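Numbering (UniProt numbering), first residue to last: 1 to 411.
So the structure is just underneath, and the comments pick up after that.
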Ligand SMILES: Cc1ncc(COP(=O)(O)O)c(C=O)c1O
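The structure is reproduced here in structure tokens:
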């Protein structure tokens, strides 16, 4: 969609506002399915955590996607969006046995990444099939906070513990229907991913009744001009060849599953803010916008880069600005960026704001969470209202501290 259309949305819906381009989501979905078109059974389960608005989930449903969920609430959201339980996989980490049982009761696919929980679940529910999340100990993610396959990671069951898994399966007679890995976000090197996949194939050979192998996600998208991205087409070609070969060895056409979040929605998203003030200090020119890390935490949390564009003045002279928010701690969105000249009131657009942006937003500083708009069929549709003061107070319980009236005691 065009920046002029984004500008109109900022005028019509106010700011801050998240905007998602449905066409871009569809494009990415088809790009991924196309890269793996030579796999007989392919299943994409969109990772709800990236962007969980119910209209986005419905869009994925219309595309034929399933969903990957990490909390019972995400499962419920998926069901509310119309996904059938068998279209939902529950891939939690560190949740209670009870929460896994609740999800299983709703009929969704279960993925377990802890030996103790596996044993307890298998003992109580030997008839419910379970997928196992393996930790292949491969360092694939780009940032320590989003790299989850390494040896010290809390995610997955170590490949060195396969004998334990096999003992649990033998003792409980439970059925393992899938093997899963998610090595981390921002895969830069396809060869590393393929290496981790080999570990998954080796593991899969030890389980006879599999229906699917889930390769997780972590596909990197470009954040700025010239940035590297995971070469999906090359990965598709290489992994398809290897997967099809493995299925022959295994003697069954397994489903190849992925659970992408960022790849599908990151580039579809724009975050629009108005500039409250331009502040010149001795060394820096700050552009202060009507938002902060309460709405977009990725730069402060992971040092993520979001291109920032002045869509009110696209042809203005470029100058250097440090773009900050209004939060009472440091909340720098971008340091010394070249941006077309900014005047107070201009609309700044943060690119790549589809994944892990609104879904990580909070009410810090008692600010409202922003509105969300979906651009679909050349029309801007409000898919989440901006919060109001009632939302801030909604679940708060007031205590009465007024002085107690003295009760007269008769003698
Ligand atoms: C288990 C699991 N699957 C899928 C994803 C989605 O990853 P990405 O957004 O990089 O595609 C994540 C991200 O944290 C995850 O933890």
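Backbone N, C-alpha and C fix where the C-beta goes; we use that ideal spot for every residue, glycine too.
It should be emphasised that the depicted structure is a prediction, and the values quoted were computed from it without experimental measurement.
- At least 7 angstroms separates the beta-carbon of residue 191 from that of residue 217.
- The residues 20, 51, 265, 266, 267, 268 and 269, in chain order, have a CB closer than 7 angstroms to that of residue 354 in the same chain once the five nearest residues on each side in sequence are set aside.
- It is roughly 8 angstroms from the alpha-carbon of residue 13 to the alpha-carbon of residue 371.
- Relative to ligand 1, the nearest heavy atom lies less than 6 angstroms away from the CB of residue 260.
- It is roughly 19 angstroms from the alpha-carbon of residue 134 to the alpha-carbon of residue 88.
- Restricting attention to 286, 204, 315 and 396, the CA atom closest to the CA of residue 344 is found in 286.
- Taking all protein chains shown into account, residue 92 has 16 or more neighbouring C-beta atoms within 10 Å of its C-beta and is therefore buried.
- Closest in C-alpha terms to residue 197, from the list 356, 99, 138 and 363, comes 138.
- With a cutoff of 6 angstroms, residue 218 counts as near ligand 1, since its C-beta is closer than that to a heavy atom of the ligand.
- In its chain, beyond the 5 residues on either side, 194 and 197 have a beta carbon closer than 7 angstroms to the beta carbon of residue 239.
- By the Cβ-count criterion, residue 119 is buried, with 16 or more other Cβ atoms from all chains shown falling within 10 Å of its own Cβ.
- The residues 288, 289, 290, 326 and 344, in chain order, have a CB closer than 8 angstroms to that of residue 276 in the same chain once the five nearest residues on each side in sequence are set aside.
- Where residue 135 is concerned, there is no enclosing alpha helix (DSSP H), although the beta strand (DSSP E) around it starts and stops at 130 to 135.
- DSSP, read as helix, strand or coil, puts residue 232 in helix.
- Following the DSSP letters along the chain, one finds residue 66 inside the beta strand (DSSP E) bounded by residues 66 to 69.
- Counting only residues of its own chain and dropping the five nearest sequence neighbours on each side, residue 73 has no CB closer than 7 angstroms to any other CB.
- Residue 117 carries a helical assignment under DSSP once its states are collapsed to helix, strand and coil.
- For residue 182, the shortest C-beta to heavy atom distance toward ligand 1 is below 6 angstroms.
- In this structure, the CA atom of residue 131 is about 36 angstroms from the CA atom of residue 375.
- When only Cα atoms are considered, residue 338 and residue 100 end up about 48 angstroms apart.
- Cβ-Cβ distances below 7 angstroms link residue 25 to 59, 264, 265 and 268 in the same chain, with the five nearest sequence neighbours on each side left out; the list follows chain order.
- Distances taken from the Cβ of residue 50 to the heavy atoms of ligand 1 include one shorter than 6 angstroms.
- The DSSP-derived three-state label of residue 186 is coil.
- For residue 391, the uninterrupted alpha helix (DSSP H) segment begins and ends at 389 to 393.
- Within the DSSP bridge table, the entry for residue 321 names 337 as partners.
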